[in-house]
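S.K.: Questions regarding the structure given below will be posed in turn.
Protein chains in written order, with this note's numbering: chain A, 1116 to 1673; chain B, 1116 to 1673.
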């Protein structure tokens, strides 16, 4: 099966509205409309046509971009209507031929990105106060309904033609794995026996029953559909705290240099060591002091260091996940001045109520969450000259393991490494389990987090950091080289699959959320099914879809 | 790979201490000791030797039996020490050659059963007040440490030889999937970076570091090990509310007739329709009124209807799961008198504090939970003459879907079917998510459960049951045959894998627990890995283990 990384150009996640091929973004005061109108012949890869508003990764990259721009460039927008730009169909879901021809790894990575985008829709509704709602103006199947489920209010046309459905199990022998099953029973809390019936019924459910069962929120005659949705959108927008007359910032094109073994941005660089299977990522702290206030943040725009950092890291993570699957370990380093990071963190906290500052924080939050759910081992190296402070300390806390050099290096004038907690570590960047990385780390001793608050702003050397439980190992310069090298060598020698399952299990102790259920449970089941001959074998349903041939299932239950 | 169901005798889960080959059960007043002493040459299947106290399904069947008998036959026991009967090894975990030669389905089913048994150990500690502790008297690896993790207090010998370890990832390219990863971070709340190191370190951790990291509770010099554990066990036993001088009941041999297409017990029968892929299970209510009090329950012993029911259903579920993997749908029916079930439920409630009554309820609870986590579709058929009341109504509430015939059948004098709630439906049998089946069903409307309490004891006909949300569909006799037949035909035509993933995702909305995390997340990842060539391919680690050959991993991360 096509491993899209070997024979084709790398996937680029950077785009902008002028280049969209599949979405139309329009504005009506506080209400934006995001209309899906997929170009059949504009698939990201050759070999399939995007019929019936079905989507591939390229379609979702544009959706992701649109959601980001709505947040940053349109403070005046308080509600977003997701709908179809086509006459007779809302969306048929992910393109089946695309899935059928993709490698296992590509499918899994595609689903992860689409999941993150849908989670970001929900986060925009809840935290950016830009509420998404959905106008289902035609048949809405599979991933189409999963997109609807990620909005907060679903209005469906009441005609003979329009229904919502999750036909994955009966038609394709896979799951509604982009959050569908989880959102049915956990977000919309559809009764489990009804959900069971619904998920095994190709034709789906329409009309009054769809409302009664909680599958949609309203059904409205076709003639009144648009006005009913607009009305609801205006009501939701009116409740938003976003500034109606605020001025957005422009997400200017992200500058990046892509060399064969190096990716370079303004603040983030990544050197790829193919022999060792490592990506060595270095993140630079701010070059100077932050602006004085929220107006200064607006003036800095896309150049505002925390925002630039979020965009660069975000793009790098997506690039590495999609285009560098063989690079199994990400090594994180930082450089810079802790006092400047702390000053930025203070600015973000002092102006937390400003819509733009909020967006910047949320973007960093989402980006750190991407690290948590990446199927890569993450090691942080804390050395002299590093800058693991506040927001940047989250990188070390997100790592599976951290090494901090205790003391100095011979012939290196740099002072011993220290780390520094700031207020940002105590609530700004919750993980998908809803806890801060510190709270997740100290599940056994919750009191420790309170104690650490008292040490905010202090420079902790290796001994202090180890005693505080903030780093894993603290070799001195005699042991450092060997210890780090051996740990990395061991890591890259293990089975990538076993590491993925292990990391997904160890990273999220404590409470569960919709997101942990999606990434930890639903995705794991889907990945399993994506390996099973009943789905992907030569007689599997995903392979035979559209051929008229019937699948020949191995009937043994596992 | 060997599908153990086709060419070998069915696995029998019934055993008794006199027939144990792998465990020794001894008693010292309120403290019992369960010593693992596996016979190398007594594997359940040919093809492997159970070296180093490694285990297979046969070893675990005996453990399960011992845990059950400790609860019912030994009210005087308040603490149970799990240890090894061998000199130089505690336990090396699940037997690798056994895993390597097993089919995917057998591996998955084996892990499910071992998981349930470990969960039952924890339930015995928490709810039967028979606290398990572990004396680690030699190397304790993989599944051996997972067994220790299922106890409430782990004491390890402090010698040069004894360590705890989870070497699955580095050695075998699979996960510590019998709860190991989950219990590390969620039960013992080991810091995630330490857990990460521990799970990638073949040799494990011993001595003081094991205590400091929370991997064990105490380390004690070898010379004092036994006495230290005994002392701790006596202290724990002293806190138990079990009757020191109570009289246990005997779990007499379970009578069962196994015909090619039928399994018959006293109250439970199962007809296997191989052509249609169905197991038609009928459960009979009590034949007469219950005893008057707890003493009567003791006198009835293993013949007490709820206990007999639990034992029979339990055995049938294990039999069907292990020996009938091709039978993908279980159809549940009941017969009997609702008033008698209600009387039994009242007895169980009125004497809930009695140790034996408590054990009976807990056994039913565990058995219903087995249904919830079975990878089979479950349909309940509620027809005239049925007895879905109270404890037996849980079967319909555990079903993925229920059909209730509205009205009577022509030429059938039986009155229309009714269902009846009893107090047992409101707390006696929580699911693995910690909620009752009613609360799980009505996540969207929690108030409904309170309303239903007011209808306890009423006979609800089809219309009333549907209005109350307790059944899925209520066809009348004209539609019944077709509707049920078509639903069953459709179900058995779907991909078994997709159904398994779907059911595991829809059955447990709401809160998460250690158990839902184990069955929903950890098991799903393990199942995925159990399919991956890096583990089970010809060059996979599980296949090559012990050959001296090195695995050749596909390095792409998925």
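Note that beta-carbon positions come from the ideal geometry of N, C-alpha and C, so glycine has one too. Just so we're clear, the structure is a prediction, and the values are computed from it rather than from any experiment.
1. Which of the three DSSP states is assigned to residue 1330 (chain B) in this structure?
2. Which residue wins for smallest C-alpha separation from residue 1319 (chain A), given the options A:1132, A:1565, A:1255, A:1422?
3. Should residue 1508 (chain B) be flagged as near chain C, meaning a C-beta pair shorter than 9 Å?
4. Find the residues of chain B that neighbour residue 1223 (chain A), judging by a C-beta separation of less than 8 Å, and give them in chain order.
5. Please give the ranges of any beta strand (DSSP E) in the stretch 1356 to 1439 of chain B, keeping only runs that are unbroken, at least 3 residues long and fully inside the region.
6. I believe residue 1224 (chain B) touches residue 1436 (chain B) by the beta-carbon criterion, under 8 Å. Please report the beta-carbon distance rounded to the nearest angstrom.
7. Just to confirm, are residue 1144 (chain B) and residue 1209 (chain B) a CB contact at a threshold of 9 Å?
8. Buried or exposed for residue 1399 (chain B), going by 16 or more other Cβ atoms inside 10 Å?
9. Is residue 1455 (chain B) closer than 9 Å to residue 1405 (chain B) when the C-beta atoms are compared?
10. Name the two residues that bound the continuous beta strand (DSSP E) containing residue 1151 (chain A).
11. Give a yes or no on whether 9 Å exceeds the smallest Cβ distance from residue 1385 (chain A) to chain B.
12. Using only CA atoms, which one of B:1230, B:1597, B:1182 lies nearest to residue 1151 (chain B)?
13. Less than 9 Å between the beta carbons of residue 1125 (chain B) and residue 1363 (chain B), yes or no?
14. Quick one: which residues of the stretch 1212 to 1244 of chain B get their C-beta closer than 7 Å to a C-beta of chain A? List them in chain order.
15. So, are the CB atoms of residue 1636 (chain B) and residue 1556 (chain A) less than 9 Å apart?
16. Can you tell me which of the three DSSP states residue 1665 (chain B) falls into?
17. Quick one: which chain A residues come within Cβ less than 8 Å of residue 1441 (chain B)?
18. Taking the alpha-carbon of residue 1432 (chain B) as reference, which of B:1489, B:1500, B:1551 has the nearest alpha-carbon?
19. Provide the residue span of the beta strand (DSSP E) that contains residue 1247 (chain A), from first to last.
20. Can you tell which of A:1370, A:1287, A:1161, A:1280 has the C-alpha that lies nearest to the C-alpha of residue 1651 (chain A)?
21. Would you please state the rounded distance, in angstroms, between the beta carbons of residue 1415 (chain B) and residue 1194 (chain B)? I believe it to be under 8 Å.
22. Tell me, to the nearest whole angstrom, how far the beta carbon of residue 1430 (chain A) is from that of residue 1128 (chain A); I am working on the premise that it is less than 8 Å.
23. Compute the Euclidean distance between the alpha carbons of residue 1567 (chain B) and residue 1579 (chain B), then round it to the nearest angstrom.
24. At 3 residues or longer, and completely inside the stretch 1149 to 1220 of chain B: list those beta strand (DSSP E) runs for me, N to C.
25. Tell me the rounded alpha-carbon separation between residue 1207 (chain A) and residue 1626 (chain A).
26. At a Cβ threshold of 9 Å, is residue 1118 (chain A) touching chain B?
27. Cα separation between residue 1614 (chain A) and residue 1583 (chain B)?
28. Excluding the 5 residues flanking residue 1413 (chain B) on each side, which residues of the same chain have their C-beta closer than 8 Å to its C-beta?
29. Counting only beta-carbon atoms, is residue 1288 (chain A) nearer than 9 Å to chain B?
30. Have a look at A:1417, A:1392, A:1518, A:1439 and flag the residue whose alpha-carbon is nearest the alpha-carbon of residue 1448 (chain A).
31. Let's test the definition: count the other Cβ atoms within 10 Å of the Cβ of residue 1346 (chain B) and tell me whether it reaches 16, buried, or not, exposed.
32. How should residue 1655 (chain B) be labelled, buried or exposed, when 16 other C-beta atoms within 10 angstroms of its C-beta is the threshold for buried?
33. Measuring alpha carbon to alpha carbon, tell me which residue in B:1504, B:1661, B:1610 is nearest residue 1571 (chain B).
34. Use the C-beta contact count for residue 1360 (chain B): other C-beta atoms within 10 angstroms, 16 or more gives buried, fewer gives exposed.
35. Thinking just about the alpha-carbon of each residue, which of A:1200, A:1354, A:1238, A:1270 is nearest to the one in residue 1179 (chain A)?
36. So who's on the other strand from residue 1446 (chain A), going by DSSP bridges?
M.R.: On the basis of the supplied data:
1. coil
2. A:1255
3. In the displayed structure, chain C is absent; the protein chains listed are A and B.
4. 1673
5. 1372 to 1374, 1377 to 1379, 1383 to 1388, 1393 to 1399
6. 6 Å
7. no
8. buried
9. In terms of Cβ geometry, residue 1405 (chain B) and residue 1455 (chain B) form a close pair [threshold 9 Å].
10. 1146 to 1151
11. Residue 1385 (chain A) does not count as touching chain B.
12. B:1182
13. With respect to residue 1363 (chain B), residue 1125 (chain B) sits apart: the two C-beta atoms are not nearer than 9 Å.
14. 1219, 1220, 1223
15. no
16. coil
17. Near residue 1441 (chain B) (Cβ distances below 8 Å), the residues of chain A are 1670, 1671, 1672.
18. B:1489
19. 1246 to 1251
20. For the residues A:1370, A:1287, A:1161, A:1280, the minimum Cα distance to residue 1651 (chain A) belongs to A:1287.
21. Residue 1415 (chain B) to residue 1194 (chain B), Cβ: 28 Å. No contact.
22. 6 Å
23. 11 Å
24. 1194 to 1199
25. 34 Å
26. Residue placement at residue 1118 (chain A) cannot be trusted, given a pLDDT of 46 that sits under 50; the coordinates are not used to answer.
27. 47 Å
28. Setting aside the 5 residues that flank it on each side, residue 1413 (chain B) is surrounded in the same chain by 1362, 1364, 1471, each with a C-beta closer than 8 Å to its C-beta; the list follows chain order.
29. yes
30. A:1518
31. So residue 1346 (chain B) ends up on the exposed side.
32. buried
33. B:1504
34. exposed
35. Nearest C-alpha to residue 1179 (chain A): A:1238.
36. A:1395, A:1494
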